[in-house]
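Working notes for the structure below.
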Amino acid sequence: RSLLVLNGPNLNLLGTRRPETYGNTTLADVEAQVRDAAEAADLDVAFLQSNHEGALIDAVHAARGVHAGIVINPGAYSHTSIALHDALEAVQPLPVVEVHISNVHRREAFRHHSYVSPQADAVIVGAGVHGYTLAVAHLAHLLAAGG
Ligand code: DQA
């Protein structure tokens, strides 16, 4: 079984963008950590980062029947994208874990609401890039429990 790990806009700049908020780890480093966590749980993993809302939506649609779960950091689309909400709704009951590297609730008010969260089985906020590894562990747990 395999997981799909989606990263939205500007997350390609991880490691250089606001390091005081997002840390120094690059997206390539995060993906390597996630691959290790997935391997330990006997899961394959596929990655996509896109700065384009439609590309993320296409990837969600394509996950159905291919992947056993989705980890998604939708970046700023969390706060704007009803379309991403609807795409995730359309692939239910595929388990979804939403990740935010920063504690969005400690930041600007416009980051406090996520259109994606109602479609997520779990939301991991403010754990830094470790949140991705936690998300993989939770999906492995859900799948082992019979998902
Ligand atoms: C983010 C939080 C969002 O508000 C922001 O737009 C991002 C990253 C996070 O991982 O903390 O791009 O999703």
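In full-length UniProt numbering, each residue carries its 1-based index in the sequence shown increased by 4.
Glycine is no exception: its CB is placed at the ideal position from the N, C-alpha and C atoms.
{"Item": "Cα-Cα separation between Pro13 and Leu7, rounded to whole angstroms", "Value": "20 Å"}
{"Item": "Within 6 Å of ligand 1: residues by beta-carbon to any heavy atom", "Value": "Asn14, Asn77, Gly79, Ala80, Ser82, His104, Ile105, Ser106, Val108 and Arg115"}
{"Item": "Limits of the beta strand (DSSP E) - the one that Val49 falls within", "Value": "Asp48 to Gln53"}
{"Item": "Nearest-angstrom Cβ-Cβ length linking Asp125 and Val108, presumed shorter than 8 Å", "Value": "Asp125 to Val108, Cβ: 18 Å. No contact."}
{"Item": "Candidates Leu147, His116 and Ile128, of which the one nearest Ile76 by Cα", "Value": "Ile128"}
{"Item": "Continuous alpha helix (DSSP H) stretch holding Ala44: start and end", "Value": "Leu31 to Ala44"}
{"Item": "Coil, strand or helix - Val129 by DSSP", "Value": "strand"}
{"Item": "CB-CB length for Ala41 against Ala141, believed under 8 Å", "Value": "7 Å"}
{"Item": "Outcome for Val49 when other beta-carbon atoms lying within 10 angstroms are tallied against a minimum of 16", "Value": "buried"}
{"Item": "Straight-line gap, Ala94 to Ala149 (C-alpha atoms, nearest Å)", "Value": "23 Å"}
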